[in-house]
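First up is the structure itself, then whatever we jot down about it.
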Amino acid sequence: MNVLTATDTELFDKLCQKILELDSKIRFAGVISEMGKIISSSEKKGIKPILDKPELEMLFMEVALRVRMRHQFDRKLGVVDYTVSKRKRLVVMSFPYRNCILYATTEKDTNVDSITQKISELIRSPELIES
Amino acid sequence: MSLDFDDNKDFCRGILELDETIRFVGKVDSGKVVSFVRRASPLLDDELSNMAHYQASHKANMEEMFDGQLGQTDWMITSKEQVKLITLFLDDGLLILSTEPDCNHDQLINKIKKLNIKI
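Residue numbers (my numbering), protein chains in the order written: chain D, 1 to 131; chain G, 1001 to 1119.
This is the structure we're talking about:
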C-alpha cells in the first residue's frame, strides 16, 4: 500500500472513533493494512477485551488473508461491500476502506443490517468523518 | 446424522423455495459439495465455482481457529456488487447460498432456522 501520512492516520483515528459513536452495540473499530497490521483502532470504554494482543495480531492477519482471497472473484461477482461473521459471543465485520480494511466487532444481539448500512454510509462520506 | 444424496437434494430444494432472491443452494460436507440446486444461470464457470466452494470450506476452517475465544460461527455473509454469499454452519457440514444482492439475509436466515435446522 502507499505510505501513510500523518493526515491518513489522523483520519483513521477519527473514523474509528466515529464508528464507535454510531451504535452502542459496537465494541471495537480498527483500520488494518492489507498485510494485516493494525494502523488505528478505538475500543468502547469499559469493555473487557476478548482477545489478547498476540491473538488479535493473528486474527488481523487472517482477516487480511481472507480479503485477498475474495478478490479472485471480483471480476465476475463485483467488489466486496462488506463481510459479516455472526459468532456465539459477538459479531465480526470487515469493509474495504481505501487500500486498507475496516474491521469492527459488535455485541452478538446486534441488528447487523442497520450497523453495516451505517458504517458503509460513513466510509463513503469523508465529510461525515471530519464533522 | 448425515443425509444421503436424495435427502440432501430435497434439503437444498426446500431452502431454495424459501425465498425468490436465492440463486444457488449447496450442501458441503468435508470440503466437498455433496448436493446443490440453482435457480439462476451461474455467474461463475465450473472452475471458478469449484474454487469458490473450496474457499467457503477453507474460510470455515479458518473461522474455527478462534472458536475458543469468540465462540463458534453461526453464519457468514459476504456482500458483493452482484451477489450475497451466505455460509451457514450446520451440525453436519456447511450450507452455502448465493442470493441476489438485495436479499434480506436476516429474514432469510430466520426462515432457514424455522425449518428446525440447527445452526
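Ideal Cβ placement from N, Cα and C applies to all residues, glycine included.
Within chain D, the residues that residue i reaches when beta carbons sit closer than 7 Å
| i | result |
| --- | --- |
| Ile-1077/G | Thr-83, Val-84 |
| Phe-1066/G | Leu-59 |
Between the CA atoms of residue j and residue i - distance to the nearest angstrom
| i | j | result |
| --- | --- | --- |
| Gly-1093/G | Leu-77/D | 25 Å |
| Ile-1096/G | Asp-1045/G | 17 Å |
| Ile-119/D | Ile-19/D | 7 Å |
| Ala-42/D | Glu-62/D | In the sequence as presented, Ala is not what sits at residue 42/D; that position holds Ser. Ser-42/D and Glu-62/D: Cα-Cα distance of roughly 20 Å. |
| Ile-1086/G | Ser-1079/G | 9 Å |
| Ile-1146/G | Gly-36/D | As shown, chain G starts at 1001 and ends at 1119. That puts residue 1146/G outside it, with no answer to give. |
| Glu-1100/G | Gln-1082/G | 7 Å |
| Val-3/D | Asn-99/D | 11 Å |
| Pro-96/D | Leu-1088/G | 23 Å |
| Met-1076/G | Val-1028/G | 15 Å |
Cutoff 8 Å; reference residue i; Cβ partners in own chain excluding five residues on either side
| i | result |
| --- | --- |
| Ser-40/D | Thr-9, Phe-12, Asp-13, Leu-15, Cys-16, Gly-30, Val-31 |
| Leu-90/D | Arg-27, Ile-50, Thr-105, Thr-106, Glu-107, Lys-108 |
| Ala-1040/G | Arg-1023, Phe-1024 |
Residues that residue i contacts on chain G, provided the C-beta gap is smaller than 7 Å
| i | result |
| --- | --- |
| Lys-48/D | Within 7 Å Cβ-Cβ: nothing; Lys-48/D doesn't reach chain G, min ~12 Å. |
| Met-35/D | The contacting residues do not exist; Met-35/D stays about 17 Å from chain G at best. |
Close-in-space but distant-in-sequence residues of the same chain around residue i (CB under 6 Å, 5 per side omitted)
| i | result |
| --- | --- |
| Val-1037/G | Cys-1012, Arg-1013, Leu-1016, Val-1025 |
| Val-92/D | Ser-85, Thr-105 |
| Gln-1055/G | none |
| Thr-116/D | Tyr-82 |
| Ile-47/D | Arg-27 |
| Gly-1068/G | none |
Under 9 Å between C-beta atoms of residue i and residue j
| i | j | result |
| --- | --- | --- |
| Thr-1021/G | Lys-86/D | no |
| Val-84/D | Arg-70/D | no |
| Val-1033/G | His-1058/G | no |
| Cys-1103/G | Asp-1007/G | no |
Per-residue contacts from residue i into chain D (C-beta, under 8 Å)
| i | result |
| --- | --- |
| Ala-1052/G | Phe-73 |
| Val-1083/G | Leu-77, Gly-78 |
| Asp-1074/G | Lys-86, Arg-87, Lys-88 |
| Leu-1044/G | Phe-73, Lys-76, Leu-77 |
Residues that residue i contacts on chain D, provided the C-beta gap is smaller than 9 Å
| i | result |
| --- | --- |
| Thr-1099/G | Correct list: empty, because the minimum Cβ distance to chain D is about 12 Å. |
| Asp-1092/G | The premise fails here: Asp-1092/G is roughly 18 Å from chain D at the closest Cβ pair, so nothing lies under 9 Å. |
Other residues of its chain near residue i: CB distance less than 7 Å, five sequence neighbours each side excluded
| i | result |
| --- | --- |
| Asp-113/D | none |
| Ala-64/D | Ile-32, Glu-34, Met-35, Gly-36, Ile-101 |
Interface residues of chain G facing residue i [CB-CB closer than 8 Å]
| i | result |
| --- | --- |
| Lys-44/D | Near Lys-44/D there are no residues of chain G at all, since even the closest Cβ is about 16 Å away, more than 8 Å. |
message: As an exercise, report each continuous alpha helix (DSSP H) stretch of at least 4 residues that is fully enclosed by the region 1043-1076 of chain G, in chain order.
response: Listed in chain order, the complete alpha helix (DSSP H) runs (minimum 4 residues) inside the region 1043-1076 of chain G are 1046-1064, 1067-1070.
- prompt: Can you list the beta strand (DSSP E) stretches of 3 or more residues lying completely in the region 9-66 of chain D, in chain order?
  reply: Uninterrupted beta strand (DSSP E) stretches at least 3 residues long and entirely within the region 9-66 of chain D occur at 26-32, 38-43, given in chain order.
- request: Taking only runs that begin and end inside the region 71-117 of chain D, name each unbroken beta strand (DSSP E) of 3 or more residues, in chain order.
  value: Segments of the beta strand (DSSP E) lying fully in the region 71-117 of chain D: 80-87, 90-97, 100-107.
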